[in-house]
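Numbering (the working numbering), first residue to last: 66 to 241. Worksheet: one structure, shown below.
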């Protein structure tokens, strides 16, 4: 198994190949508000970050899917989209990002119609996921906690610097 997104399993084995194409992209954006001044330059204000967005392409080929069918794989992905299901995105046993993802956009390109089977043999999917934070209040508390830890760490480092400077000053006075 290469990874998964809920019930969608990315794998490459003798029996089945359902995998991403070679690229995955992540988009990080900040929420910035701009305040216009009547005179002079305006002011920017950071208001947190937007939800993380991930995009990738999958190509499903019917001859490479043995355990299920191309239609079943496609239906699993479409059902996640239709029902608004969110799930962790996992690669190599490691969770991608801190929070689960929701499919926000799904585009499909079908090619090579198989008239014997009554469907297409190759389906290319462009999938866009967005981070799903179920409890924003809990997330905000976590961010505040991280800020406090960082400030405490900076304060401790400053305290160490002050103590070192004082020791140096005392040593310099004693050597005179």
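All residues carry an ideal CB built from backbone N, CA and C; glycine is no exception. Here the structure is a predicted model, which is why all the values come from computation and not from measurement.
Which residue or residues does DSSP assign as beta-bridge partners of residue i?
i           : result
residue 172 : 191
residue 122 : 191
residue 108 : 100
residue 196 : 166
residue 159 : 156
residue 117 : Note: residue 117 sits in no beta bridge, so no partner.
Given a cut-off of 8 Å on the beta-carbon distance, is the pair residue i and residue j in contact?
i           : j           : result
residue 70  : residue 196 : no
residue 121 : residue 88  : yes
residue 113 : residue 94  : no
residue 161 : residue 151 : no
residue 129 : residue 188 : no
What whole-angstrom Cβ distance do residue i and residue j have, given they're in contact under 8 Å?
i           : j           : result
residue 142 : residue 190 : 7 Å
residue 91  : residue 73  : At roughly 18 Å, the Cβ-Cβ gap does not stay under 8 Å, so residue 91 and residue 73 are not in contact.
Consider the Cβ of residue i: report whether some Cβ of chain C lies at a distance smaller than 8 Å.
i           : result
residue 165 : Reference to chain C is not applicable here, since this structure consists of a single protein chain.
Just checking, does the segment 135-151 make contact with the segment 105-113 on the three C-beta pairs under 8 Å criterion?
no
If we count Cβ pairs, one from each stretch, closer than 8 Å, do we get three or more for the segment 163-171 versus the segment 184-196?
yes
Those runs of the alpha helix (DSSP H) which lie wholly inside the segment 130-156 and span at least 4 residues:
135-148
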